[in-house]
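Positions 6 to 265 (our numbering) are the ones given, in order, by the sequence shown. Where a beta carbon is used, it is the ideal one built from N, C-alpha and C, also for glycine. Read the structure below first, then the notes.
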Amino acid sequence: MKIIAKNIKHLRTLKKLSQEALAEELNITRSRIGSYEENRSAPTIEVLIMLSDYFKIPIDILLRNDLTKSKDSSFIEIGNQRVLFPIVVDSENENLIEVVPIKASAGYLSGYDDPEYIEQLQKIKLPFLPTGKHRAFPIKGDSMLPMKDGSFVIARFIEDRSEIKTGRTYILVTLNDGMVYKRIMNNIDFNNSLLLMSDNKKYNDYSVPINEVLEIWEFTCSINTQEYSEEELKLSSIISMFNDLGVELKALEKLSEHQP
């Protein structure tokens, strides 16, 4: 019960909520919250479910892990899962999305797990996003056409790497390659790695060991900061056509190899 008491108080502090605010959010009395935090009584299973849902963390983590001992107050690692706390909220207690700036994107590699660095990032709110912790990342170059250089990808934090799906696009923060946006083939079960593929096929595919992946965020939506020109739209269409043609040619080559 001591762990529960410490965790409730710690999570409330992370979200910068008073006892009154948390009690109002959970529709229980302030004195009851105080009783939980002072270890004078234990919350019921119904209250634990509400706490779990409100702070977006599994009940077993709330019950079994002392979150105050985490070396970083923004997340805790449980097995192969990194649980990221949605600690940034607006005046209506709705989650805000941190925006990683284009000019400072290189600094994200050293600051991704630093709460003070994350705290100083600019923030936006997109109310149409699905549940989960989201962040906005800048896109550089033309490896993921038609995603334009300077666009932003809004992506959802992936806690469990078993959720990584082949063929989908992700933002990866890697130990040796920095921050990249790629389409992924999940080879974790095969050779403990991810194959990173560019939609622009003039760039070669390459593999990254899963133990070098520091964070992974799944694409949710994108924001273009510049309008496409007519020429760019034509170029994107042509590239897409040739990419599709290349896939079809490879399929025909494999078919011909198996014919007598």
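query	result
Segment contact, 8 Å Cβ cut-off, at least three pairs: the region 119-137 with the region 201-215	no
Helix, strand or coil at Leu177 according to DSSP, with G and I counted as helix	strand
Sequence-distant residues of its chain with Cβ nearer than 6 Å to Ile228 (five each side left out)	Phe157
Spatial neighbours of Glu103 in its chain, beta-carbon cut-off 8 Å, leaving aside the 5 residues before and after	Val93, Ile123, Leu126, Gln127, Lys128, Arg140 and Ala141
Distance CB(Gln231)-CB(Lys153) smaller than 9 Å	yes
Sequence-distant residues of its chain with Cβ nearer than 6 Å to Ile9 (five each side left out)	none
In chain order, each alpha helix (DSSP H) run of at least 4 residues that lies wholly inside the region 33-67	35-42 and 50-60
Test: Asn216 CB closer than 9 Å to a CB of chain D	Annotation note: the requested chain D is absent from the structure, which comprises a single protein chain.
CB-CB length for Gly155 against Ile107, believed under 8 Å	7 Å
Residue from Tyr175, Pro214 and Gly183 whose Cα sits closest to the Cα of Asn196	Pro214
Cα-Cα separation, Glu29 to Leu67	20 Å
Boundaries (first-last residue) of the alpha helix (DSSP H) holding Phe224	It is not in any alpha helix (DSSP H) - Phe224 instead sits in the beta strand (DSSP E) that spans Val218 to Ile228.
Cα-Cα separation between Lys206 and Ser148, rounded to whole angstroms	8 Å
Cutoff 8 Å; reference Asp71; Cβ partners in own chain excluding five residues on either side	Ile8, Lys11 and Asn12
Option in Ser167, Asn181 and Lys187 with minimal Cα separation from Ala160	Lys187
Top-ranked residue by Cα proximity to Tyr113, from Val178, Asp165 and Leu56	Val178
Reference Gly194, options Val185, Ser57 and Ser167, closest by Cα	The residue you asked about is not Gly; residue 194 is Asp in the sequence shown. It is Ser167.
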